[in-house]
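Chemist:
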Amino acid sequence: MRQLKITKQVTNRETASLDKYLQEIGKVELITADEEVDLAQKIKAGDRVALEKLIKANLRFVVSVSKQYQNQGLSLPDLINEGNLGLMKAAKRYDETRGFKFISYAVWWIRQSILQALAEQSRIVRLPLNKIGSINKINKAYAHLEQENERPPSPEELAEVLDMSEEDIKESMKNSGRHLSMDAPLVEGEDSNLYDVLRSGESPSPDKELMLESLQIEIERALNTLTPREADLIDGGINKYNSAKLFEAGADVLVAGHAIFSSENPVAMIQNLKSNVL
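Position 68 (the sequence shown) corresponds to 68 in the UniProt record's numbering; numbering is contiguous.
What follows is the structure, encoded as structure tokens:
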């Protein structure tokens, strides 16, 4: 069974803001490894301008990481915001003397910040980060195997691919469910919620009358292609005549009730009606 993923809806306003943000960070020039070292040294000395420059130069990388965690409970703008917080922490703690590039160090902080946000904001039951990480790995493997095999993978298949026990797979999948408030607004700033769009079992479908009316028109159009006698017999079947009614219908056209089925070619009649309906 395909997993149902519930995400926070992104409004048009958020989409426009995100597009503008991506355009802005795309204009920021990338920095070299030597510039990273120079900026890191200045940051240690308390240079706020250097800190801001190092952060801005790596904002686009946060977007790339954030996209890996979409459809897991938070919208992309929220994921980017959380990732940026991790980037800021990394920029303040980066040690250029250890010989690796800044982003290689920062990616851990970015991911941790995003995972923490997913754990705190998208679930009723808080899970430790290592559990969140396992669930994310399982979800990715699940989607890959489902697409590859054109069917949902079994816990055994997931366990083999991820080198995990079947028990751990089942437990993680059981804990991966997310909550959704029925009272939460569908769109930020509006009063509508899920109660407004979910169908009530007690109330009729709003388009039911329209569908019935359209169906009636199509039936009448098809019946008009038959002879009056054929149309009357078919119409009786559509309107669920009982055997007595069928006998009366036969009598009306001067035939016995059983002759309705014996004296006509029902196959030809139905084929004629079917060709006109289709």
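Even for Gly, the Cβ is constructed at its ideal location relative to N, Cα and C.
Identify which residue in R98, A90, E82 and Q72 has its Cα closest to the Cα of N139.
Modeler: The candidate whose alpha carbon is nearest that of N139 is Q72.
Chemist: The alpha helix (DSSP H) spanning S66 covers which residue range?
Modeler: Unbroken alpha helix (DSSP H) run through S66: L59 to K67.
Chemist: Taking only the alpha-carbon atoms, compute the straight-line gap between I103 and E35 and give it to the nearest angstrom.
Modeler: Computed Cα separation, rounded: 13 Å.
Chemist: Near P206, which residues of its chain fall below 8 Å by C-beta distance, leaving aside the five closest residues on each side in sequence?
Modeler: Because the pLDDT of P206 is 48, which lies under 50, any placement of that residue in the model is unreliable, and the question is left without a value.
Chemist: Given a cut-off of 8 Å, decide if A106 and N136 are closer than it, judged by their beta-carbon atoms.
Modeler: Going by C-beta atoms, N136 is not nearer than 8 Å to A106.
Chemist: Do the CB positions of W109 and G86 come within less than 8 Å of each other?
Modeler: Yes; because the gap between Cβ atoms is below 8 Å, this pair is in contact.
Chemist: Can I43 and K92 be called in contact, C-beta distance under 8 Å?
Modeler: The answer is yes: Cβ separation under 8 Å.
Chemist: Would you please state the rounded distance, in angstroms, between the beta carbons of L76 and K67? I believe it to be under 8 Å.
Modeler: At roughly 7 Å, the Cβ-Cβ gap stays under 8 Å, so L76 and K67 are in contact.
Chemist: Is it true that the CB of P155 sits closer than 8 Å to the CB of L145?
Modeler: Cβ atoms of L145 and P155: not closer than 8 Å.
Chemist: Do you know offhand how far K89's Cα is from I114's?
Modeler: Cα to Cα, K89 sits roughly 13 Å from I114.
Chemist: Please classify V65 as buried or exposed, where buried requires at least 16 neighbouring CB atoms within 10 angstroms.
Modeler: The residue in question, V65, is buried, as its Cβ has 16 or more Cβ neighbours within 10 Å.
Chemist: How many angstroms separate the CA atom of Q112 from the CA atom of G46?
Modeler: Distance between the alpha carbons of Q112 and G46: 25 Å.
Chemist: Start and end of the alpha helix (DSSP H) containing A45?
Modeler: Where A45 is concerned, there is no enclosing alpha helix (DSSP H), given that its DSSP letter is neither H nor E.
Chemist: Quick check on the DSSP output: the alpha helix (DSSP H) that includes L74 runs from which residue to which?
Modeler: Unbroken run through L74: none, as it is neither H nor E.
Chemist: Give me, in chain order, the residues of the same chain whose beta-carbon lies closer than 7 Å to that of A141; leave out the 5 immediate sequence neighbours on both sides.
Modeler: Within the same chain, A141 has close Cβ partners L158, V161 and L162.
Chemist: Have a look at E82 and E167 and give me their C-alpha separation to the nearest angstrom.
Modeler: One C-alpha to the other measures close to 32 Å.
Chemist: Can you tell me whether DSSP reads I80 as helix, strand or coil?
Modeler: Helix.
Chemist: Classify Q9: buried if its beta carbon has 16 or more other beta carbons within 10 angstroms, exposed otherwise.
Modeler: Any answer about Q9 is weak, because its pLDDT of 45 lies below 50 and its placement is not dependable; what the coordinates show is given next. Label assigned to Q9: exposed.
Chemist: Looking at the secondary structure, which residues open and close the alpha helix (DSSP H) in which E160 lies?
Modeler: Segment P155 to L162, the alpha helix (DSSP H) holding E160.
Chemist: Thinking L39 and K27 are a contact (beta carbons under 8 Å), I'd like their distance in whole angstroms, please.
Modeler: Going by Cβ atoms, the distance from L39 to K27 rounds to 19 Å, so no, they are not a contact pair.
Chemist: Would you mind sorting D19 into buried or exposed? The rule is 16 or more other CB atoms within 10 Å of its CB.
Modeler: Per the 10 Å Cβ criterion, exposed.
Chemist: Mind checking N84: buried by the 16 CB within 10 Å criterion, or exposed?
Modeler: Buried: at least 16 other Cβ atoms inside 10 Å.
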